[in-house]
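Residue numbers (my numbering): 1 to 198.
Right under this line is the structure:
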């Protein structure tokens, strides 16, 4: 994908992180590089990489504040130029759904069960913003294993009606032998809901 192609994608982007969006994938990479390059002004590369791996979400909040402040000391032109160069060099034309993936493992067995049981789901693409702490953003435990924090429940309702739309990815129960176990994962990933009349 050429530079002019991604420029066109970015200029036409509606800022929604859809699975097929190349602009969203490029922006995610750009934001990660911006975070790294801001921190490199103050810390050694190995420390910066550790901060990004283990404390990604708090760093996003700090970077947002730095960008909003328009402070040329914290965000000098050379950092912006280096960030754009790094991102253009690294971006290979991926779509957002190819890079934004989450894993759902049974909490008790921690991903140790065979895949044919269907209890764990790996490499699921989620179309939500990578900065949101509750939609599949990976965190890392002290042992370096990824822990994915994801929404447990979504609900939309109009208080003037007796209808609500909801989805619960893990299903309404934790019983792995139940037919309801993890039955709404696909509905959740497709941004769909089930209607319930009260």
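Even for Gly, the Cβ is constructed at its ideal location relative to N, Cα and C. Note that this is a predicted model, so its numbers are computed, not measured.
Compute the beta-carbon to beta-carbon distance between residue i and residue j, rounded to the nearest angstrom, for a pair I have assumed lies under 8 Å.
i           : j           : result
residue 79  : residue 38  : 6 Å
residue 163 : residue 184 : Actually they are not in contact, since the Cβ atoms of residue 163 and residue 184 sit about 18 Å apart, beyond 8 Å.
What is the residue span of the beta strand (DSSP E) that residue i lies within?
i           : result
residue 164 : 163-167
residue 197 : 194-197
residue 123 : 121-125
residue 73  : Looking at the DSSP string, residue 73 is not in any beta strand (DSSP E), and its letter there is neither H nor E.
Using the beta-carbon count (16 or more within 10 Å), is residue i buried or exposed?
i           : result
residue 44  : exposed
residue 172 : exposed
residue 32  : buried
residue 58  : exposed
residue 195 : exposed
So residue i is in the alpha helix (DSSP H); what residue range does that whole segment cover?
i           : result
residue 35  : 22-39
residue 80  : 77-90
residue 102 : Where residue 102 is concerned, there is no enclosing alpha helix (DSSP H), although the beta strand (DSSP E) it sits in stretches over 101-104.
residue 53  : 45-54
residue 188 : 185-189
Nearer than 6 Å: is that true of the beta carbon of residue i relative to any heavy atom of the ligand ATP?
i          : result
residue 12 : Summarising the ligand content, the structure contains no ligands, and the ligand ATP is consequently not present.
Do residue j and residue i count as a contact pair if the criterion is CB distance below 7 Å?
i           : j           : result
residue 209 : residue 83  : The structure shown does not extend to residue 209, since the chain is modelled only from 1 to 198, so the question has no answer here.
residue 81  : residue 25  : no
residue 102 : residue 126 : yes
**OP:** Flag this pair as touching only if the segment 60-76 and the segment 2-11 have three or more C-beta atom pairs under 8 Å; answer yes or no.
**Re:** no
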